[in-house]
Amino acid sequence: METEVLIIGGGVLGAVVARELSRYKVDVILVEKEADFGWGSTKTNMCIVCQGGDTLEFRPEYHRSKLVWDSIPLMEPLCQELDVPFKRVGELALIRNNEELGKFRKLKSKAEKLGLAVHQFIDLDTLRQMEPNITREAIAALYDPNIAIVDPVRLTIALIENASQNGVKVMRETEVLNILQKGNQFEVETNRGSIQCRFIVNAAGTSVEKIARLVNSDDFVLYPIRGYVGILDKNLGDLIKHEIHMRPDAPGQMNILTPSIHGNLFFGTTMQPARRGDYSTTRRIAQIGLQNVRKIIPDISEKDIIHSFAGFLMFRNWEVGWHESVVQASRKVSRFISICMGYPGVSAAPATGREVAELLRREGLRLESNPRFSPFRKASPIFNQLSEEQQKELITQDSRYGHVVCRCETVTEGEIVEAARRGATTLDGVKFRTRAGMGRCQGGFCTPRVAKILGRELGLPEEKITKKGRKSRILLYKTKELLGGEL
């Protein structure tokens, strides 16, 4: 198999590069080792899109800051083109004492000097009107009206779908095993055969260093930082309207609570160096998270947490702060580009895609406009967000939309069928496309039903359906088979 550009990694950065390159007459293949897209650091993003104020902790001289700020005017139009929900919720940075007030005054001054969106201090009365449920310790807040939220995995899938519509070939469950240099070509060995290419974009997330070492291009060092995120029941969705945070009381902790596109609240707790690949969470970390989020909203209890997970971000210079990213052509190997953003990768994605295309041009890739490029992609219907009349019309067109499979999230059979048609081959693939299994019961009711529908659509027996590909089967045998057909 041959191509001009091979993108390794199907997270949001690999996806946005693929979509950007589809604007041009370039042969592109994207490979992803997992069974679907956005399952690495992308899915552990807290859905926040930086729009100014929350980037003030970054050093303005670092490239990460520039990519985030350059992406500010690009993200909303991108989401509109891809039919991905984008919502501005605004941010409230709570102030509890005069010391914090002084620090936030400096941040506001910094924002004004950088020409970012208007920030304003709001007094206690105004704060209570905006967020009546917050802690009584707050005396004021710094308000940034421009913070937004998206669903990072749905954005990634939308980017991939649009890139595919415009000619990019995508390959899932394709893991890079080795890379050989042969003249002005690379031969990339994968578990599904070899791919010859002239250019490589290494967007392999937490494996970006590993891939770079395959061609002796590891001219950067990254540190894995594990973060913990908790998800609260939708019943608490109306507790807040804005993303709210306060300065942490201890190093390596986060006090942040934010709405999500789908109605749940997300909270972040800890950010600590950890062994790469260790995605474990513990009750102790959950308790720290609960203690921290109660500093913002005291009425939250342990029973309100419906799910939690850990994810990794890759940082340079952890010892001096979250300051720099990797978006660079190798100094050792021509036509080899590595990208790894850490936080906030989703926010910086639009500008990163453009920058990588420019780096490829400088490395010798010819970028001639693709006259057939279309920036538009239509999302699947989301049944529970339609009006009653729209629901009736959809059911008239396809009766499967009248069969609710996931009761927590009101996901229908029609939506699951459409997810399979668009490429979902696993339970998690369906989950991230439709939210079946993301509700209060976490799939306790709908999982066997989703597996049955997915198996039917893929032409597979239910016991062959996996949670997330490879060795993740959840139905091993039929009862009669296990008991020798005695029942």
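Just so we're aligned, residue 2 is where the sequence shown starts under our numbering, counting upward by one.
C-beta: ideal position from N, C-alpha, C; glycine also.
Determine the extent of the alpha helix (DSSP H) in which residue 173 is found, giving its start and end residues.
Residue mapping note: residue 173 aligns to position 172 of the sequence shown, counting from 1. Neither: residue 173 is in no alpha helix (DSSP H) and is coded neither H nor E.
What is the DSSP secondary structure of residue 255, counted as helix, strand or coil?
The residue you call residue 255 lines up with position 254 of the sequence shown. Strand.
Residue 472 classed as buried or exposed, judged by whether at least 16 other C-beta atoms fall within 10 angstroms
The residue given as residue 472 occupies position 471 in the sequence shown. Under this definition residue 472 is an exposed residue.
Would you grab the beta carbon distance between residue 85 and residue 7 for me? Rounded to a whole angstrom, and I think it's under 8 Å.
By 1-based counting over the sequence shown, the position of residue 85 is 84. By 1-based counting over the sequence shown, the position of residue 7 is 6. No, residue 85 and residue 7 are not in contact; Cβ-Cβ is about 26 Å, not under 8 Å.
Is DSSP giving residue 51 helix, strand or coil here?
The sequence position of residue 51 within the sequence shown is 50, counting from 1. The answer is coil: DSSP assigns residue 51 none of H, G, I, E or B.
Classification of residue 1 by the beta-carbon crowding that lies within 10 angstroms, buried from 16 upward
No statement about residue 1 is possible, as the shown extent of the chain runs from 2 to 488 and does not include it.
Could you tell me if residue 427 is buried or exposed, where buried requires 16 or more neighbouring beta carbons within 10 angstroms of its beta carbon?
For the purposes of this step, residue 427 is identified with residue 426 of the sequence shown, where counting begins at 1. Burial call: buried.
In whole angstroms, what is the alpha-carbon distance linking residue 469 and residue 40?
Numbered from 1 along the sequence shown, position 468 holds the residue referred to as residue 469. Numbered from 1 along the sequence shown, position 39 holds the residue referred to as residue 40. Each residue's Cα considered, the two are about 9 Å apart.
Taking the alpha-carbon positions, what's the residue 263 to residue 201 distance?
The residue labelled residue 263 in the question sits at position 262 within the sequence shown. The residue labelled residue 201 in the question sits at position 200 within the sequence shown. Distance between the alpha carbons of residue 263 and residue 201 is about 36 Å.
Beta-carbon spacing of residue 349, residue 117 below 8 Å:
Position 348 of the sequence shown holds residue 349. Position 116 of the sequence shown holds residue 117. Going by C-beta atoms, residue 349 is not nearer than 8 Å to residue 117.
Reduced DSSP secondary structure (H/G/I, E/B, other) of residue 105
Translated into positions along the sequence shown, residue 105 becomes position 104. Here residue 105 sits in helix by DSSP.
Residue burial classification, residue 191 (beta-carbon count within 10 angstroms, cutoff 16)
The sequence position of residue 191 within the sequence shown is 190, counting from 1. Per the 10 Å Cβ criterion, buried.
If you check the beta carbons only, do residue 413 and residue 313 fall under 8 Å apart?
Counting from one through the sequence shown, the residue named residue 413 turns up at place 412. Counting from one through the sequence shown, the residue named residue 313 turns up at place 312. Taking 8 Å as the Cβ cut-off, residue 413 and residue 313 do not qualify as a contacting pair.
Identify whether residue 187 lies in helix, strand or coil by the three-state DSSP scheme.
The residue labelled residue 187 in the question sits at position 186 within the sequence shown. Strand, per DSSP.
Determine contact between the region 4 to 20 and the region 159 to 169, defined as no fewer than three beta-carbon pairs at a distance below 8 Å.
yes
Which value, in whole angstroms, describes the spacing of the CA atoms of residue 133 and residue 151?
Numbered from its first residue, the sequence shown carries residue 133 at position 132. Numbered from its first residue, the sequence shown carries residue 151 at position 150. Rounded to the nearest angstrom, the two C-alpha atoms are 25 Å apart.
Roughly how many whole angstroms lie between the Cα atoms of residue 141 and residue 256?
Within the sequence shown, numbered from 1, the residue matching residue 141 stands at position 140. Within the sequence shown, numbered from 1, the residue matching residue 256 stands at position 255. Rounded to whole angstroms, residue 141 to residue 256 spans 16 Å at the Cα level.
Does DSSP classify residue 161 as helix, strand or coil?
By 1-based counting over the sequence shown, the position of residue 161 is 160. Residue state, collapsed to three classes: helix.
Should the region 295 to 312 be called in touch with the region 239 to 249, which here means at least 3 C-beta pairs below 8 Å?
yes
Name the DSSP bridge partner or partners of residue 411?
For the purposes of this step, residue 411 is taken as residue 410 along the sequence shown, with counting starting at 1. None, per the DSSP bridge assignment.
Boundaries (first-last residue) of the alpha helix (DSSP H) holding residue 126:
The residue given as residue 126 occupies position 125 in the sequence shown. Segment 125 to 131, the alpha helix (DSSP H) holding residue 126.
Within the continuous alpha helix (DSSP H) that includes residue 392, where are the two ends?
Within the sequence shown, the letter at position 391 stands for residue 392. 389 to 398 is the span of the alpha helix (DSSP H), which, as asked, contains residue 392.
What number of angstroms, rounded off, separates the C-alpha of residue 225 from the C-alpha of residue 338?
Mapped onto the sequence shown, residue 225 falls at position 224. Mapped onto the sequence shown, residue 338 falls at position 337. If you take the alpha carbons of residue 225 and residue 338, they lie about 20 Å apart.
Please list, in chain order, all residues of the same chain as residue 362 whose beta carbon is under 8 Å from its beta carbon, the five residues on each side excluded.
By one-based count along the sequence shown, residue 362 stands at place 361. So the qualifying residues of the chain are 368.
Restricting to Cα atoms, I'd like to know which of 42, 4, 48 and 44 is closest to residue 31.
As a position in the sequence shown, residue 31 is number 30, starting the count at 1. Nearest C-alpha to residue 31: 4.
Return the bridge partner residues of residue 271 from the DSSP annotation.
In the sequence shown, counting from the first residue as 1, residue 271 sits at position 270. Its beta-bridge partners are 254.
In chain order, which alpha helix (DSSP H) runs of at least 4 residues are fully inside the region 314 to 358?
none
Alpha carbon to alpha carbon, how far is residue 214 from residue 91?
For this step, residue 214 is matched to residue 213 along the sequence shown. For this step, residue 91 is matched to residue 90 along the sequence shown. Straight-line Cα distance between these residues: approximately 41 Å.
Residue 434, buried or exposed, once every other Cβ within 10 Å from all chains shown has been counted against 16
Residue mapping note: residue 434 aligns to position 433 of the sequence shown, counting from 1. When all chains shown are included, residue 434 counts as buried.
Proximity to residue 358 [Cα-Cα], best of 162, 336, 49 and 306
Here the question's residue 358 lines up with position 357 in the sequence shown. Checking every option, the nearest Cα to that of residue 358 belongs to 336.
Buried or exposed, going by whether 16 or more other CB atoms sit within 10 Å of the CB of residue 353?
In the sequence shown, the residue the question calls residue 353 occupies position 352. When all chains shown are included, residue 353 counts as buried.
Assigned secondary structure, residue 278 (DSSP; H/G/I helix, E/B strand, else coil):
As a position in the sequence shown, residue 278 is number 277, starting the count at 1. Reduced to three states, the DSSP call for residue 278 is coil.
Quick one: grab the DSSP three-state call for residue 11.
As a working note, residue 11 is residue 10 in the sequence shown. Coil at residue 11, not helix or strand.
Determine the contact status of residue 439 and residue 267, defining contact as a CB-CB distance below 8 Å.
Here the question's residue 439 lines up with position 438 in the sequence shown. Here the question's residue 267 lines up with position 266 in the sequence shown. Cβ distance not < 8 Å, so residue 439 and residue 267 don't count as in contact.
Span separating the alpha-carbon of residue 453 from that of residue 466:
Within the sequence shown, residue 453 is the residue found at index 452, counting from 1. Within the sequence shown, residue 466 is the residue found at index 465, counting from 1. Computed Cα separation, rounded: 9 Å.
Would a C-beta distance cut-off of 8 Å place residue 105 and residue 143 closer than the cut-off?
Here residue 105 refers to the residue found at position 104 of the sequence shown. Here residue 143 refers to the residue found at position 142 of the sequence shown. In contact: residue 105 and residue 143 (Cβ atoms closer than 8 Å).
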